[in-house]
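All the letters of the sequence shown, read from the start, carry residue numbers 2 to 291 under our numbering. C-beta: ideal position from N, C-alpha, C; glycine also. The structure under discussion appears below in the form of structure tokens.
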Amino acid sequence: MKKIVQKMNSFLALSKPRISLMVAITAFAGYRLAQISVDQMQQDRAWWICAAVLIMSSSASAFNQIMERNLDAKMRRTSKRPLVMGSISMKEAWIFGILSFGLGLSLMQWKGNLPSVGLLLLTFFSYVLLYTPLKQTSTLNTLIGAVPGALPPLIGWVAVTSKIEMGGAILFAILFFWQLPHFLAIAWLYREDYRNAGMSMITNSLDSGAFVGRHAFLYCFALIPVAMFPTLTGMAGNVYFFGSIFLGLFLLLLTFRFLRSQTQSNARQVLLGSVIYLPALLTLLMMDSM
2 MKKIVQKMNS FLALSKPRIS LMVAITAFAG YRLAQISVDQ MQQDRAWWIC
52 AAVLIMSSSA SAFNQIMERN LDAKMRRTSK RPLVMGSISM KEAWIFGILS
102 FGLGLSLMQW KGNLPSVGLL LLTFFSYVLL YTPLKQTSTL NTLIGAVPGA
152 LPPLIGWVAV TSKIEMGGAI LFAILFFWQL PHFLAIAWLY REDYRNAGMS
202 MITNSLDSGA FVGRHAFLYC FALIPVAMFP TLTGMAGNVY FFGSIFLGLF
252 LLLLTFRFLR SQTQSNARQV LLGSVIYLPA LLTLLMMDSM
């Protein structure tokens with residue numbers, strides 16, 4: 002029984018559950034907001050759509066770890082992943098990834114629509130076949146990786162409306178700009194790990210601190226007006242509008258501190274602040290949607 006539990010925990014780790022859960026939550030936000038926009042509040046398909054996105058995210062995470070298993074072994078933060086530790090074999094990881102891919106895709110085909118299936122596939126393949134290998138070859142990987150990370154709320158929106166609309170595009174933009182200071186903080190916190198593993202990150206240069214701090218601040222600054230668009234386009238009310246400004250200024254202050262001094266403490270505050278910002282913003286948006 003103990004071995005079964007350990008194996009299940011290893012498969013859970015292979016799916017990167019925290020990331021996959023956040024992806025599913027953003028997809029739910031897109032689905033819910035699209036329902037409000039078309040005045041269709043039935044929840045019958047919402048959980049199936051979110052399950053499809055979560056399972057497909059788990060598959061992408063598995064293939065990411067398959068492709069980066071040798072790099073993961075060189076980094077402290079990833080050295081205890083199941084493929085590195087040997088608690089899951091390569092064959093088991095492949096089977097998990099393929100089955101998860103098939104199940105997630107089948108659920109979306111069943112409960113979604115053709116455009117949402119297409120976006121789900123785009124998210125998967127851009128993450129696995131574009132972003133993952135780029136981490137070893139180009140410093141643009143963070144910018145490009147923000148695209149699949151921003152697509153889940155758009156998938157949720159399109160699963161309701163069958164088309165890309167302004168509301169879904171705004172959610173995509175919010176997620177895109179939010180990810181950049183979030184991941185720049187991660188890149189700075191673990192820059193030694195990334196450098197030792199030979200990954201092509203903008204933090205590899207010893208004098209990259211000012212560059213990273215400046216870009217984290219600028220992306221966060223751009224996020225503030227982008228996050229206002231739900232109210233400006235009639236998706237949400239004034240409570241959300243002023244709440245988004247407050248949350249944006251809160252995160253901007255943290256990135257400003259990081260801009261002035263690229264310490265581990267300041268980078269960690271940006272990371273934690275971004276983790277607070279996104280669920281708070283999406284919750285406020287769903288509560289104050291028109």
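ask   = According to the neighbour-count rule (16 or more other Cβ atoms, all chains shown, within 10 Å of its Cβ), is residue 193 buried or exposed?
value = exposed
ask   = What do you get for residue 253, buried or exposed, if any count of 16 or more other CB atoms within 10 angstroms of its CB means buried?
value = With 16 or more Cβ atoms within 10 Å of its Cβ, residue 253 is classed as buried.
ask   = Which one or two residues does DSSP pair with residue 290 in a beta bridge?
value = 237
inquiry  = Taking the alpha carbon of residue 149 as the reference point, which residue from 125, 137 and 216 has its own alpha carbon closest?
reply    = 125
key: Local Cβ density within 10 Å of residue 189, reported as buried at 16 or more and exposed below that   = buried
message = With a threshold of 8 Å, are at least 3 pairs of Cβ atoms found where one atom belongs to the stretch 100-108 and the other to the stretch 155-172?
response = Contact between the stretch 100-108 and the stretch 155-172 is absent, because fewer than three Cβ pairs lie under 8 Å.
query = Relative to the C-alpha of residue 243, which residue among 286, 118 and 121 is closest?
reply = Per the Cα distances, 286.
query = Can you name, in chain order, every residue of its own chain whose Cβ lies under 6 Å from the Cβ of residue 206, other than the five neighbours on each side?
reply = none
message = Which residue marks the beginning of the alpha helix (DSSP H) containing residue 145, and which one marks its end?
response = 142-162
ask   = Just curious, the alpha helix (DSSP H) that residue 124 is in, first and last residue?
value = 115-126
query = Shortest alpha-carbon distance to residue 158 belongs to which of 181, 218 and 172?
reply = 172
task = Starting from the C-beta of residue 11, find all residues in its chain whose C-beta is less than 7 Å away, skip the five residues before and the five after it, and write them out in chain order.
result = 83, 88 and 89
task = Tell me the start and end of each unbroken alpha helix (DSSP H) in the stretch 8-92 that is at least 4 residues and wholly inside, in chain order.
result = 18-39, 47-68, 70-73 and 83-86
ask   = Which ranges would you report for the alpha helix (DSSP H) in the stretch 175-201 if only whole runs of at least 4 residues count?
value = DSSP assignment within the stretch 175-201 yields the following whole alpha helix (DSSP H) runs of 4 residues or more, N-terminal first: 192-198.
ask   = So, using beta-carbon positions, are residue 237 and residue 72 closer together than 8 Å?
value = no
Residue 77, buried or exposed, once every other Cβ within 10 Å from all chains shown has been counted against 16 = exposed
task = For residue 74, collect the residues of the same chain with a Cβ closer than 8 Å to its Cβ; drop the 5 residues on either side in sequence, then sort them by chain order.
result = Excluding residues within five positions, the ones whose Cβ falls inside 8 Å are 80 and 85.
inquiry  = Count Cβ pairs between the stretch 24-35 and the stretch 64-71 that sit closer than 8 Å; are there 3 or more?
reply    = Contact between the stretch 24-35 and the stretch 64-71 is absent: fewer than 3 CB-CB pairs across the two stretches fall below 8 Å.
query = Can you round the beta-carbon distance between residue 58 and residue 138 to whole angstroms, since I take them to be within the 8 Å contact cut?
reply = Wrong, their Cβ atoms sit about 24 Å apart, outside the cutoff.
ask   = Closest by CA to residue 314, which one among 95, 101 and 53?
value = Outside the shown range of the chain, which is 2 to 291, sits residue 314, and nothing can be said about it.
task = Counting only the same chain and skipping the five closest in sequence on each side, list residues whose C-beta sits under 8 Å from that of residue 134.
result = 68
query = Based on Cα-Cα distance, which residue from 257, 273 and 245 lies nearest to residue 289?
reply = Ranked by Cα distance from residue 289, the first of 257, 273 and 245 is 245.
ask   = Any idea what DSSP makes of residue 1, helix, strand or coil?
value = In the structure as shown, the chain begins at 2 and stops at 291. Residue 1 is therefore absent and cannot be evaluated.
query = Are the CB atoms of residue 175 and residue 217 nearer to each other than 8 Å?
reply = no
query = When you compare only the Cα positions, how much space is there between residue 260 and residue 23?
reply = 27 Å
task = Could you name the residues of the same chain whose beta carbon sits closer than 6 Å to that of residue 46, not counting the 5 residues immediately before and after it, in chain order?
result = 112
request  = Look up residue 297 in the DSSP assignment and say whether it is helix, strand or coil.
outcome  = Here the chain comprises residues numbered 2 to 291, so residue 297 is not present and cannot be evaluated.
Minimum C-alpha distance to residue 224 - residue among 212, 247, 136 and 234 = 247
Candidates 264, 178, 196 and 232: closest to residue 222 by CA position = 178
message = In whole angstroms, give me the CA-to-CA distance for residue 61 and residue 208.
response = 33 Å
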